[in-house]
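**Student:**
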Amino acid sequence: MTGRVVGIDLGTTNSLVAYMQGDAPVVIPGVDGSNLVPSVVALDLIAAEGGRPTVTVGNTARKALIETPERVIYSVKRLMGRGLEEIQDELRLFPFRLADDVEAGEVPRIQLGEMRFTPPEISAYILRQLKRNAERFFGAPVTQAVITVPAYFNDAQRQATKDAGRMAGLDVLRLVNEPTAAALAYGLDRAKAGTIAVYDLGGGTFDISILKLRDGIFEVQSTNGDTHLGGDDIDNLLLAIALDEIHAEHGVDLRGHPGAVQAIRKAAIEAKIALSTEPVAHFDIELPNGDRYQREIPRAVFELLIEPVLERTARPCKQALSDAGITPEEIDEVVLVGGSTRIPAVRQLVDDLFHLAARGKKPHIELNPDEVVALGAAVQADILAGSSKTTEEMLLLDVTPLSLGIEALGGTVARIIQRNSTIPASATEHFTTGVDGQTNVAIHVVQGERELAADCRSLARFDLRGIPPMSAGLPRIEVRFLIDADGILKVTAREQRSGQAADIEVKPTYGLTDEQVEGMILDSFDHAEEDFAKRLLIEARNEAETILAAVERAPESPAWSQLTGEEQVGIDAARERLATLKLGEDLAAIREATLALDRATRRFAELMMDAAVTTAVRGKTMDAAGEELGEAVTAPHAMAPAEFK
Amino acid sequence: MLKVLDSAVPIACWSCSIGHIDSTLFCPHCSKIQPPPGCDFYQVFGLERGFQVDLPALEREFHRLSRKVHPDRFARAGETEREWSLADTALLNDAYRTLKDPLFRTEYLLKLEGAEIGEEFAASNGKDRKGQKDPSRVPADLLEEVFELNMQLEEMRMARSTGEDDPQLQAGLEQAKGKFEGLLDEVDRELRIQWKAWDEGDAAGRHAAQGTMVSLLDRRRYLSNLVRDVTEVLGA
């Protein structure tokens with residue numbers, strides 16, 4: 004039996020899970036009905052049992068960010084596959100701290116109280132939440148996924164993402180580059196041939212990819228980017244200004260108060276979002292000492308402020324065009340991806356870069372920029388599942404974003420696979436010994452475009468061992484470097500004269516070993532059918548309780564009297580039925596009764612909404628109206644069609 | 035770097051054990067994907083060796099074969115099939131990348147034909163610095179001009195480092211750049227003539243063309259390094 008393959012966008016700010024419903028990809032909502040799961044993980048260290056902490060992910064965790072920032076982790080994607088010295092700049096902006104006794108070359112550990120977590124473990128919690136959302140939606144286990152990564156992610160960052168998937172109990176069938184995924188989502192119903200540029204400015208990463216589309220084949224020509232450039236940088240600029248001004252005007256330095264910093268960050272993000280549609284945004288923040296910090300930010304000032312950030316996206320775009328060997332005029336379509344592309348100044352920059360307005364063209368924004376990557380991941384998942392008519396003609400040919408090289412004498416880099424080579428790609432190199440009787444040879448593999456190995460990203464050090472002792476220069480060791488379809492390097496070696504396969508000891512830089520990953524796999528119970536059924540039952544009961552609690556208060560609402568007697572009886576009957584079934588073990592029956600109660604109360608919910616709006620018009624806020632009327636009854640979630648027995 | 039195996043030797047299919055010729059990507063008996071055949075890049079595409087290649091046809095064949103062997107088609111297959119799909123696709127991609135680029139292709143076929151090539155072209159876009167520090171092969175007819183150019187480059191770098199602006203020097207370099215770019219185009223034209231001569235020639239003709247192409251490649255590499263250096267200094 005083959006289960007569904009889902010597509011996951013594991014983002015810096017938000018994560019999503021999507022699947023192919025018939026011939027269109029759709030996002031699977033969470034319990035709270037929201038498509039976006041904030042990439043925020045809160046760990047309740049006190050309630051930890053059996054060595055594992057209690058974990059909340061998403062909106063609930065985000066709420067904890069302001070009250071108890073010391074136990075909440077966000078933007079962990081920025082730390083994936085990176086070393087301690089690479090992330091110092093980022094850390095100054097995070098409230099969490101790293102364990103300080105980690106050795107050079109080791110994966111950094113985030114220190115929370117007595118506990119430590121690697122970035123892939125935190126990402127695994129997010130992935131597990133998405134997996135559960137999907138399982139809840141389908142009513143069946145989900146074990147296979149496609150996960151997207153920034154196109155400009157290096158080998159270590161890709162491997163870390165794959166490790167996270169494994170820890171979450173997911174078989175990661177493919178890592179797909181985010182801009183390429185976006186192109187797939189758009190490509191489903193677009194013109195059959197042409198050259199597309201995908202400009203992807205997300206929360207923490209920037210990618211540009213240029214693709215040629217022909218007869219269902221999406222062939223990436225070139226890609227470029229910056230894995231540390233995104234909306235976060237804009238938030239940080241606004242945050243820094245606010246903190247400086249608060250310090251100057253009110254004499255309070257809030258930098259040491261994580262909770263206050265988070266509150267200001269939230270206000271900064273709101274101001275940024277408002278400025279995409281309003282000419283001016285307002286800061287109004289209550290400080291811990293009771294003072295208020297108030298400020299207006301006109302859009303013109305904002306645009307001046309973020310210009311250096313946006314300008315950093317121009318060079319990668321020009322490089323990608325040059326690598327693809329084309330001019331801006333040869334780009335037929337531009338697709339905008341990532342929440343930050345809602346900023347008018349970003350759209351203006353894209354227009355200038357690709358000469359769009361001058362050619363009477365507009366960038367594509369038809370698909371929600373927050374969702375398009377997940378939708379594309381679902382398309383790729385469908386391609387891999389190989390069972391659908393919609394995608395059977397589609398094939399994605401992606402490239403490696405960075406050149407692969409080996410350190411040569413004198414610390415220079417000998418490039419063996421050029422950037423923008425279609426993957427899988429391979430190269431074979433021959434090595435020999437320099438000393439009589441030498442039995443091992445060390446190889447240092449790096450990734451990057453710089454001349455010196457020291458300026459490139461160290462990928463791994465390979466130690467070829469077990470070379471039969473011979474005179475210097477006589478052994479002939481053939482090493483094959485293969486970049487697979489996920490953009491991850493695999494190495495094999497063979498001594499040709501003796502025919503012996505040489506042992507390779509791989510020391511990935513900032514990577515986890517297989518054993519380490521194995522030890523970090525989140526509760527292996529997740530795989531057990533029995534446990535799965537139990538969890539679904541608990542979740543179904545929780546949903547039933549939520550809706551029952553809301554319906555029990557219904558007669559207190561003025562809207563109740565507007566219902567017909569028949570409707571009231573119907574609601575009562577559905578409520579009693581669910582209350583009874585909830586005590587039993589029949590999952591399908593509980594879910595069905597929950598849906599039935601939801602249906603029965605639909606008109607009531609509408610009446611309440613109408614009443615709330617009327618109240619608001621009379622001069623009250625929606626919130627106050629809501630309190631007066633009691634909590635609205637809302638559908639807990641969309642259910643999967645006909646998955647029940 | 036590539037072993038050319040005798041394609042008449044039958045190979046047993048890993049799946050059904052029936053022997054077949056080692057030049058096919060799929061077993062003719064059980065249709066399972068096979069390990070990469072020991073063939074050269076031309077044979078991957080079923081092409082005769084030649085320096086001139088029909089690029090649109092090459093691309094169509096690349097797409098057709100990609101659809102058959104790409105790992106995306108085997109994502110849920112068994113481990114062996116996934117392994118061979120990966121290896122076959124790597125071979126296909128390496129072959130396509132080499133044959134579609136005129137310089138990679140020229141160098142590859144010359145090597146395949148047994149020609150000794152000094153250094154590899156690591157990149158057609160001139161980004162690779164391999165060989166930059168090896169001035170041993172200055173083409174004789176360029177000695178004087180190269181000497182002159184290097185002086186100008188040095189002066190320009192000095193002027194840049196002291197913040198001076200010398201429009202005359204700038205113009206001189208721009209002119210030199212134009213000249214050397216012109217020489218590059220000339221080399222490319224000559225290469226194309228030799229391609230044709232080899233593709234259509236007999237054994238003796240081929241041998242002569244091969245020798246000419248090896249020296250043309252040397253000259254080309256030298257010129258493109260010069261142009262790159264000038265462009266860098268001008269763009270600084």
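The listed protein sequences correspond, in order, to chains A and B.
Residue 148 in the numbering used here sits at position 145 of the first sequence, with consecutive numbering throughout.
Residue 42 in the numbering used here sits at position 8 of the second sequence, with consecutive numbering throughout.
C-beta atoms are modelled at their ideal positions from N, C-alpha and C, and glycine is treated no differently.
Computed from a prediction, not measured in an experiment: that's the story for all the values here.
#1: Considering only residues of the segment 298 to 325 of chain A, which uninterrupted alpha helix (DSSP H) runs meet the minimum length of 4 residues and lie entirely inside it, listed in chain order?
#2: Under 9 Å, CB to CB, which of the residues in the segment 231 to 242 of chain B have a partner in chain A?
#3: Based on the DSSP output, what are the partners of A/D47 in its beta bridges?
#4: Under 6 Å Cβ to Cβ from A/G254, same chain only, skipping five residues before and after it: list those, please.
#5: Using beta carbons (cut-off 9 Å, strictly below), is B/S65 in contact with chain A?
#6: Quick one: what's got a C-beta closer than 7 Å to A/S424's C-beta in the same chain, skipping five residues either side?
#7: Within 10 angstroms of its Cβ, does A/S212 collect 16 or more other Cβ (buried), or is it exposed?
#8: Taking the alpha helix (DSSP H) that B/A238 falls in, what are its first and last residues?
#9: Going straight from the alpha carbon of A/Q91 to that of A/L232, what length do you get?
#10: Quick check on B/R262 - is its C-beta less than 9 Å from some C-beta in chain A?
#11: Assign A/F607 to one of three DSSP states: helix, strand, or coil.
#12: Just to confirm my understanding: we take A/D589, look at its own chain, exclude 5 residues before and 5 after, and list those with CB closer than 6 Å. What are they?
#13: Locate the alpha helix (DSSP H) running through B/F60, then write down its first and last residues.
#14: Tell me which residues share the same chain as B/D200 and place their Cβ nearer than 6 Å to its Cβ, disregarding the 5 neighbours each side in the sequence.
#15: Looking at the secondary structure, which residues open and close the beta strand (DSSP E) in which A/R460 lies?
#16: Where does A/R483 fall in DSSP's three states?
#17: Would you mind stating whether A/T121 and A/M523 have Cβ atoms separated by less than 9 Å?
#18: Give the straight-line distance between the Cα atoms of B/R101 and A/I574, rounded to the nearest whole angstrom.
#19: Look at the Cβ atom of B/A91, then the Cβ atom of B/M247, and state whether they are nearer than 9 Å.
#20: On the three-state DSSP scale, how would you describe A/H447?
#21: I need the straight-line Cα distance from A/S406 to B/L126, nearest angstrom please.
#22: With a threshold of 9 Å between beta carbons, is B/P44 in contact with chain A?
#23: Assuming A/V145 and A/V9 form a contact by the criterion Cβ under 8 Å, report the distance between their Cβ atoms to the nearest whole angstrom.
#24: Which one of A/E555, A/I199, A/A582 and A/L485 has the shortest CA to CA distance from A/V338?
#25: Would a check of beta-carbon distances place A/D626 closer than 9 Å to chain B?
#26: Between which two residues does the beta strand (DSSP E) harbouring A/A196 extend?
#27: Using a Cβ cut-off of 9 Å (strictly closer), state whether B/D168 contacts chain A.
#28: Quick check: the Cα distance between A/H433 and A/I480, rounded to an integer number of angstroms?
#29: Please classify A/I541: is it buried, with 16 or more other beta-carbons within 10 angstroms of its beta-carbon, or exposed?
#30: Would you give the residue range spanned by the alpha helix (DSSP H) that A/A102 belongs to?
#31: Please state the DSSP three-state secondary structure of A/G408.
#32: For the segment 72 to 100 of chain B, which segments carrying the beta strand (DSSP E) assignment without a break, of at least 3 residues, lie completely within its bounds, in sequence order?
#33: Are A/T516 and A/G379 close, meaning C-beta to C-beta below 9 Å?
#34: On a CA-only basis, which of A/R258, A/P301 and A/L290 is nearest A/I276? Give me that one, please.
#35: Going by DSSP, what residues sit across from A/A496 in a beta bridge?
#36: For A/D529, count the other beta carbons within 10 Å of its own beta carbon; 16 or more makes it buried, fewer makes it exposed. Which is it?
**Tutor:** By the coordinates alone:
#1: 302 to 314
#2: none
#3: On the first sequence, position 44 is the one that residue 47 of chain A refers to. Paired residue(s): A/T57.
#4: Stepping through the first sequence from its first residue, residue 254 of chain A is reached at position 251. Same-chain partners within the cutoff: there are none.
#5: Locating residue 65 of chain B in the second sequence gives position 31, counting from the first residue. Output row for B/S65: interface = no.
#6: For the purposes of this step, residue 424 of chain A is taken as the residue at position 421 of the first sequence. Same-chain partners within the cutoff: V402 and T403.
#7: Translated into positions along the first sequence, residue 212 of chain A becomes position 209. Buried: at least 16 other Cβ atoms inside 10 Å.
#8: On the second sequence, position 204 is the one that residue 238 of chain B refers to. It spans A237 to G269 - the alpha helix (DSSP H) in which B/A238 sits, taken as one unbroken run.
#9: To locate residue 91 of chain A, count along the first sequence from 1; it is residue 88. To locate residue 232 of chain A, count along the first sequence from 1; it is residue 229. Distance between the alpha carbons of A/Q91 and A/L232 is about 15 Å.
#10: To locate residue 262 of chain B, count along the second sequence from 1; it is residue 228. Output row for B/R262: interface = no.
#11: As a working mapping, residue 607 of chain A is identified with position 604 in the first sequence. In the structure shown, A/F607 sits in a helix (DSSP, three-state: H, G or I).
#12: As a position in the first sequence, residue 589 of chain A is number 586, starting the count at 1. None.
#13: Along the second sequence, read from residue 1 onward, the residue named residue 60 of chain B stands at position 26. It is not in any alpha helix (DSSP H) - B/F60 carries neither H nor E in the DSSP assignment.
#14: The sequence position of residue 200 of chain B within the second sequence is 166, counting from 1. Excluding sequence neighbours, B/D200 sits near A193.
#15: Translated into positions along the first sequence, residue 460 of chain A becomes position 457. Element bounds for A/R460: R460 to R468.
#16: Mapped onto the first sequence, residue 483 of chain A falls at position 480. A/R483 falls in the strand class under three-state DSSP.
#17: Numbered from its first residue, the first sequence carries residue 121 of chain A at position 118. Numbered from its first residue, the first sequence carries residue 523 of chain A at position 520. Cβ distance < 9 Å, so A/T121 and A/M523 count as in contact.
#18: Working through the second sequence from its first residue, we reach residue 101 of chain B at position 67. Working through the first sequence from its first residue, we reach residue 574 of chain A at position 571. One C-alpha to the other measures close to 55 Å.
#19: The residue you call residue 91 of chain B lines up with position 57 of the second sequence. The residue you call residue 247 of chain B lines up with position 213 of the second sequence. Their beta carbons are not under 9 Å apart, which means B/A91 does not touch B/M247 by this criterion.
#20: For the purposes of this step, residue 447 of chain A is taken as the residue at position 444 of the first sequence. Of the three classes helix, strand and coil, the one that applies to A/H447 here is strand, per DSSP.
#21: The residue given as residue 406 of chain A occupies position 403 in the first sequence. The residue given as residue 126 of chain B occupies position 92 in the second sequence. Taking the straight line joining both Cα atoms gives about 19 Å.
#22: Position 10 of the second sequence, counted from the first residue, corresponds to residue 44 of chain B. Closer than 9 Å: no.
#23: Reading the first sequence from its first residue, position 142 is the one you call residue 145 of chain A. Reading the first sequence from its first residue, position 6 is the one you call residue 9 of chain A. Confirmed, Cβ separation roughly 6 Å.
#24: Taking the first residue of the first sequence as 1, we reach residue 338 of chain A at position 335. Minimum Cα distance to A/V338 is reached at A/I199.
#25: The residue given as residue 626 of chain A occupies position 623 in the first sequence. A caution first: A/D626 carries a pLDDT of 43, below 50, which makes its placement in the model unreliable, though a value can still be read off. No, A/D626 lies away from the interface with chain B (no Cβ there is under 9 Å from its Cβ).
#26: Working through the first sequence from its first residue, we reach residue 196 of chain A at position 193. Note, A/A196: beta strand (DSSP E), A196 to L204.
#27: Residue 168 of chain B sits at position 134 when you count from the first residue of the second sequence. The pLDDT assigned to B/D168 is 46, lower than 50, so where the model puts this residue is not dependable; a value taken from the coordinates is nonetheless given after this. For B/D168, the answer is no, since every Cβ of chain A falls outside 9 Å of its Cβ.
#28: Mapped onto the first sequence, residue 433 of chain A falls at position 430. Mapped onto the first sequence, residue 480 of chain A falls at position 477. Each residue's alpha carbon lies about 5 Å from the other.
#29: The residue you call residue 541 of chain A lines up with position 538 of the first sequence. Its Cβ having fewer than 16 others within 10 Å, A/I541 is exposed.
#30: Position 99 of the first sequence, counting from 1, holds the residue named residue 102 of chain A. It is not in any alpha helix (DSSP H) - A/A102 carries neither H nor E in the DSSP assignment.
#31: Here residue 408 of chain A refers to the residue found at position 405 when the first sequence is read from its first residue. A/G408: strand per DSSP, three-state reduction.
#32: none
#33: By one-based count along the first sequence, residue 516 of chain A stands at place 513. By one-based count along the first sequence, residue 379 of chain A stands at place 376. Result no, Cβ atoms of A/T516 and A/G379 do not sit closer than 9 Å.
#34: As a first step, residue 276 of chain A is located in the first sequence; it is residue number 273 there, counting from the start. Measuring from the Cα of A/I276, the nearest candidate turns out to be A/P301.
#35: In the first sequence, counting from the first residue as 1, residue 496 of chain A sits at position 493. Note: A/A496 sits in a beta bridge opposite A/V482.
#36: Position 526 of the first sequence, counting from 1, holds the residue named residue 529 of chain A. Because the pLDDT at A/D529 is just 44, under 50, the model does not fix this residue reliably, and the value given afterwards should be weighed accordingly. That one is buried.
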